[in-house]
Structures are given as C-alpha cells and as structure tokens.
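**Q** Below is the structure I would like to discuss, written out as structure tokens.
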Amino acid sequence: MASSIPANFTPDNILLIKLRHHGDMLLTTPVINALRQRYPQANIDVLLYQETRPMLQANPDIRQLHVIDRKWKQEGARKKLAHEWALLKRVRASRYDVVINLADQWRSAIITLFSGAPVRIGFDYKKRDNAFWRLCHTHRVSTAEHGKLHTVEQNLSALAPLGILARDTVASMHYEADDWPQTAALLAGLDVSDSFIVIQPTSRWIFKCWDDEKVAAVIDRLARADRKIVLTAAPDKNELAMIDNILAHCKTPHVVSVAGKLSLTKLAALIDHAVLFIGVDSAPMHMAAALDTPCLALFGPTKLQHWRPWGFNNRVIWAGDYGPLPAPDSIDTKTQQRYLTTIPVEDVVVAARKLLNE
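Counting from 71, one number per residue, gives the positions in the sequence shown under the working numbering.
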C-alpha cells in the first residue's frame, strides 16, 4: 500500500488528466476549484483532448493546458509517435508534485507514471485491477460508490488522498474578455435586446432530443417582442437541419438563430447573459449550470444521476416520469428514435415560467 500523504503537504505543481468530451471537461472544474482553495500558491495544469480545450482555456486558475490532438494519428505512425514523445517530455519537464488521473485509459496511466510525480492518484477501476495500473498510481481511490454519485462527485472523490473533502464544490465556465462584446454585436444585428432566452434543442445524438414540433410550440408560448428566443446548435449539418425544421414550425416572429455561428466561449458568453437556458443533455446545458443561468434541462434515457445539471439554479424534466425508458447502457447511439417525445409541452412551459419568476 502507498504511504499516507502528510497533512502539511503543499505541492507547487499539480497536473489534472481527463481525456473525454466537452461536458466531461467542464465537470472537472470543481476539482480545479477545490485544489485552488486548498493550495492557493500551486500551479495547476490540465491534460486534455485538443477539441475540448475551449472549455478550460480561459480559466484563470489553470497555468497551462497540455493537449492530445486526436488528429495526430492521421499524420502517420512516425509523426504520431513524435508528438506523443514530445508530450511526455513536456509533462516530465514540468516536475509535477501531484498528478491526478481522472481517466481510465492506459494512455493516461502511462503519462501519469512517466511524469515522475511522487504523488500519483488514480481510480481503482475493476477493469484495471493489475500490477501495471497499480505501478502507475501511488494512491488509488475506490470506485465502489461511483454508480450512486454525480460525475462531479466522482471526480472530487479523487482528492480524498490529499485530505480534501469538497463534494459540494461548484463548477466554473469562463470565456474571453472580447467574447461578449462580439456576441452582443451579433445579437444587435438580429434585433435582440438585453432580455432573451437561449434554447439549444440539439445534440450530436438524436436520442437525446425532443420533438421539433414541441420545441417550436414552447418557443411560440415563451417568445415576446421584448424577450426573444435565441436558438443555438453546433455547426453540424444534422443539428443545423433540426434548427431549420424547428423554425419552420414556429408561428412567432420573435425567434432568431445563431446556430453554428458561435465558438464555445462565445456560446458561454451568450448563455451567461440569457435570462433562461432550455436544453437537452449536452455540454451547453452543463455550461448554463456552471454559469448559474436559470437552466431547464430535458432528459431521456441517459444516466440522470451522473449527468444532471450541477448547481442550484436549475430544473430537470425527465421523460421517465411520463413513460418507460430503455436502460441507458442498452441505447444504440446511432438510433433516430427520440425518447423524450413523452414530455408534454405544457410541463416545459410551466417549468420555464417558474424559472423566469412569471
């Protein structure tokens, strides 16, 4: 067993590793916030995938981001190996006192080991119950309770070896100083005033989405001349087609679309200035919760306990309250079926108006 970490341990350099999607990266920020509170003098770095960099790039508590670009493999084996070796050398040269590996990949474990950090924390995954995983991590944290915990709580549990117990720590989303002025200028060109609602009805997985006609019905009920609806989506052809279909079903003129026109940090600025965010299980939903914008999240057969919005200014409407849903692990992510279809328009409108204090 690893030796215990002294209570007066004060690391100078800390590395956090998480190799997942955009929402996952945002949900690591409570760990960063807890580390900053405990070690105000420490340098905190993060290793993540290149495409998720915008979720953390403006965070003032992070010194630097190490990135893995999944496009490296397109450059051929030799160049990919050169990139990997250069990354390992940068991590080693940073002389980390602590590495916290929140990932379950072998790649993250190897980087953790190669860092040379005297304290290397990882999770004690059953599928990684072998000598090499134990060699990579000086301290391992049980995952026995993870099935009952939110993803944020799972991440925060990795801090237990450091004596940090902070299960209620908030998430954070930051954007650049010029993101809001540029976004505000875009809105002004669409005749959107200071009061607006953001709705992101899309996801890269269609099974997480509500019916286009029902989204349009909600827009018609909530939109006003002095409080327009702003629709957002990723610059993906399927998501943009969904936005077009929703607009085609809308009767109100008080709705505009900025779908595909905003970077992630500009989207954060937009959500931060909205009076309400309505969306499905997606990264923008987590952004709204982290920004403390009133958030109404529509959920279907994903793991609600793990992925509900983390914060206090939100409401969840779950399709499982209106009819049976398949088990989350049984879902074919390529299906075109929309499991949120049982959610009534009226319940969404009522919940939205409560969040708007109407």
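Quick reminder that beta carbons are idealized off the backbone N, C-alpha and C, glycines included. Just so you know, these numbers come straight off a predicted model, no measurement behind them.
Compare the C-alpha of ILE413 against each of LYS196, PRO396, GLY390 and VAL116 and name the closest.
**A** GLY390
**Q** Considering only DSSP beta bridges, list what GLY390 is partnered with.
**A** None; GLY390 has no bridge partner.
**Q** I need the DSSP call for HIS153, collapsed to helix, strand or coil.
**A** helix
**Q** Tell me, to the nearest whole angstrom, how far the beta carbon of ASN200 is from that of PRO100; I am working on the premise that it is less than 8 Å.
**A** Going by Cβ atoms, the distance from ASN200 to PRO100 rounds to 30 Å, so no, they are not a contact pair.
**Q** By how many angstroms is the C-alpha of ALA187 removed from the C-alpha of ILE138?
**A** Cα to Cα, the separation comes out at about 20 Å.
**Q** Whole angstroms is fine: what's the gap from VAL161's alpha carbon to PHE184's?
**A** 8 Å
**Q** Buried or exposed for ALA255, please, with buried defined as at least 16 other CB atoms from any protein chain shown within 10 angstroms of its CB.
**A** exposed
**Q** What three-state label does DSSP hand HIS136 in the structure shown?
**A** strand
**Q** What is the rounded straight-line gap between the Cα of LEU219 and the Cα of GLY259?
**A** 44 Å
**Q** Would GLU223 be called buried (16 or more neighbouring beta carbons within 10 Å of its own) or exposed?
**A** For GLU223, the number of other beta carbons within 10 angstroms of its own is at least 16, and it is reported as buried.
**Q** So, helix, strand or coil for ARG294, using DSSP?
**A** strand
**Q** So ASN113 and ARG133 are supposed to be a Cβ contact under 8 Å. How far apart are they, rounded?
**A** 4 Å
**Q** Please check the pair PHE347 and THR363, which I expect to be a contact at CB under 8 Å, by giving their CB distance rounded to whole angstroms.
**A** 5 Å
**Q** Going by C-alpha distance, which of ARG210, SER273 and ASP281 is nearest ASN315?
**A** ASP281
**Q** Measure from the alpha carbon of ARG190 to the alpha carbon of each residue in THR213, LEU135, TRP142 and LEU86, then state which is nearest.
**A** LEU86
**Q** Below 6 Å CB to CB, which residues in the same chain sit around SER273 once its five sequence neighbours on both sides are set aside?
**A** So the qualifying residues of the chain are CYS279, VAL350 and SER352.
**Q** For LEU292, does the count of other Cβ atoms within 10 angstroms reach 16, so buried, or fall short, so exposed?
**A** buried
**Q** Please classify ASP94: does DSSP put it in a helix, a strand, or coil?
**A** ASP94 carries a helical assignment under DSSP once its states are collapsed to helix, strand and coil.
**Q** Would you mind stating whether TYR436 and ALA338 have Cβ atoms separated by less than 7 Å?
**A** With the chain represented from 71 up to 428, any question about residue 436 goes unanswered, as that position is not in the structure.
**Q** What's the C-alpha gap between GLN175 and ARG204?
**A** 13 Å
**Q** Would you kindly check if the distance between the Cβ of SER333 and the Cβ of ILE313 is under 7 Å?
**A** no
**Q** Where in the region 213-289 do unbroken runs of the beta strand (DSSP E), each at least 3 residues long, occur, reported from the N-terminal end onward?
**A** Whole beta strand (DSSP E) segments, 3+ residues: 266-270.
**Q** If the criterion is Cβ atoms closer than 7 Å, does the pair ALA156 and PHE266 meet it?
**A** no
**Q** Going by DSSP, which residues form a beta bridge with SER327?
**A** LEU301
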